[in-house]
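Notes follow once the structure below has been shown.
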Amino acid sequence: MPDQPFAVSSHFQLSIGSHALGSFTSCEGLGCAMDVEERVEGGTNGHVWQLPTRLRYTNVVLSRPLSQETVLIWAWLQQQVIEPVRLPGQLVALGPDRRPIVRWLLDGVLPVRWTGPAFDVDQSQPARETLEITHNGFLGITV
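If you're matching positions, the sequence shown starts at 391 in the numbering used here and goes up one per residue.
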């Protein structure tokens with residue numbers, strides 16, 4: 391499939407419920423892990439049973455250079471402080487041409503942490519903001 395688009399230097403768009411939170415340049419932690427319980431069966435010495443129990447979903451950390459889109463996050467955070475509501479979310483990976491490659495539909499998204507930029511005149515890097523969210527799992531993954 392050499393003619394298929396792939397994610398390189400991607401941007402990510404995030405929306406939660408009716409809140410479009412803009413584009414991000416970095417996304418980490420999108421994943422899950424199966425909890426496994428070990429069970430030993432009497433008389434079976436060749437192995438230990440590994441029984442799946444539940445999936446745990448990791449927090450997603452998104453970051454971007456500071457822009458006017460930060461007010462979109464702030465509006466959503468203010469609403470969550472007044473009344474925390476778990477809403478469905480959508481994270482879209484965009485290709486170099488800014489067309490969607492993959493969409494992750496997230497269940498029950500809540501904010502965990504927002505970190506604003508650190509301003510330092512000795513650093514020649516753009517000021518960045520970071521948003522960490524938690525979710526209850528994936529509702530689907532689409533192209």
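Here a beta-carbon is modelled for each residue, glycine too, at the ideal position from N, C-alpha and C.
- In the three-state scheme derived from DSSP, where H, G and I count as helix and E and B as strand, Gln468 is classed as helix.
- Rounded to the nearest angstrom, the gap between the Cα atoms of Arg444 and Ser514 is 45 Å.
- Taking all protein chains shown into account, Arg454 has 16 or more neighbouring C-beta atoms within 10 Å of its C-beta and is therefore buried.
- Within the same chain, Cβ atoms closer than 6 Å to the Cβ of Gly412 are found at Glu459, Leu462, the five residues on either side in sequence being excluded.
- Of the residues Phe528, Pro516, Phe509, the one whose Cα lies closest to the Cα of Gln480 is Phe528.
- When DSSP reads this structure, Asp425 sits in a beta bridge with Arg444.
- Annotation: the continuous beta strand (DSSP E) that includes Pro490 extends over 490-505.
- At the C-beta level, Val492 and Val533 come within 9 Å of one another.
- His437 has its alpha-carbon roughly 38 Å from the corresponding atom of Leu495.
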